[in-house]
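Each remark here refers to the structure printed beneath this line.
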Amino acid sequence: MLIEMMIAAGIFLLLTAVLFMIFFMGAKAWRKTDQRADVTREAQLATARLIREATRSSFLSLSITPDGRAVSFLSPMDDNGQFVFDAAGNTRWQRFVIYYCDLTAGELRRLEVPLPVGSTLGQFPEPIERLNPPKTLSGYLTGGRVIARDLVEFGAWTPMGSRRLNLTVTVKKSVPREPDATATVTTGALFHN
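Everything in the sequence shown is counted per this note's numbering, starting at 1130 for the first residue and increasing by one.
Next comes the structure, spelled out in structure tokens:
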């Protein structure tokens, strides 16, 4: 009887150990999948707002730094988030919107540059370099609101002969005792105005 109890206890311990191993392996897989989904969502959110704003803009106002780490275009949205038209129904541009990647901080930032009062850029779209006083897009890249964190790559470009803005964003998050979770999103926007 004692030997039977020892065999039963041994089988019970073996089954319990197997169940715990299955549970921990499942929990680890769940955690990895959840981290990967979070990183992918962060990369998608980083591009979604930029793409939405770019589609409302004019291709004629698009400006990209030579390294592709910053992009600028005009916005027709006023301070209340309303699309602005003049009396004839033409788009009235309100400000320049700049998105840029600060790789040292790993952040995607957004800032706005208002148009000077009486500027013809409100009616006729041109790149930000045409503002008075003239300055390159790189000269504006300071401050702004953080849109996304943990960026390791940001690239903007337009294919030759196209009115399309392409973007690539890579987000990487470090997790203790786990391999880094990384996601890359490549997307594009067609300008409507």
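We put the CB at the ideal spot given by N, CA and C, even for glycine.
A1310 and R1170 closer than 8 angstroms at C-beta
no
CB-CB length for S1267 against A1199, believed under 8 angstroms
7 angstroms
The stretch 1275-1287 contacting the stretch 1231-1249, beta-carbon criterion three pairs below 8 angstroms
yes
Could you please give me the residues that DSSP links to I1151 through a beta bridge?
The partner list for I1151 (beta bridge, DSSP) is empty, contrary to what the question assumes.
Give the straight-line distance between the Cα atoms of T1220 and L1319, rounded to the nearest whole angstrom.
17 angstroms
Within 10 Å of its beta-carbon, does I1227 have 16 or more other beta-carbons around it, so buried, or fewer, so exposed?
buried
If you compare alpha carbons, which of A1216, F1202 and Q1223 is closest to N1209?
Q1223
For R1259 and L1270, believed in contact at Cβ under 8 angstroms, the rounded distance:
In fact, because the Cβ distance is near 17 angstroms, the residues do not count as touching under 8 angstroms.
Give me the DSSP bridge partner(s) of W1286.
N1295
Verify whether the separation of the beta carbon atoms of A1172 and T1313 is less than 8 angstroms.
yes
Take the Cβ of L1179 as the centre, count every other Cβ of all protein chains shown within 10 Å, and call the residue buried at 16 or more, exposed below.
buried
For F1253 and K1264, the rounded distance between their alpha carbons:
19 angstroms
Determine the extent of the beta strand (DSSP E) in which V1242 is found, giving its start and end residues.
E1236 to P1243
Close-in-space but distant-in-sequence residues of the same chain around I1193 (CB under 6 angstroms, 5 per side omitted):
V1200 and A1285
For the beta strand (DSSP E) that contains D1231, what are its first and last residues?
R1224 to D1231
Restricting to Cα atoms, I'd like to know which of T1316, P1245 and P1243 is closest to V1298.
T1316
For G1317, which of helix, strand or coil comes out of DSSP?
strand
Could you check if I1276 is buried or exposed, using at least 16 other CB atoms within 10 Å of its CB as the buried criterion?
buried
According to the neighbour-count rule (16 or more other Cβ atoms, all chains shown, within 10 Å of its Cβ), is A1098 buried or exposed?
Absent from the structure is residue 1098, since the part of the chain shown begins at 1130 and ends at 1322.
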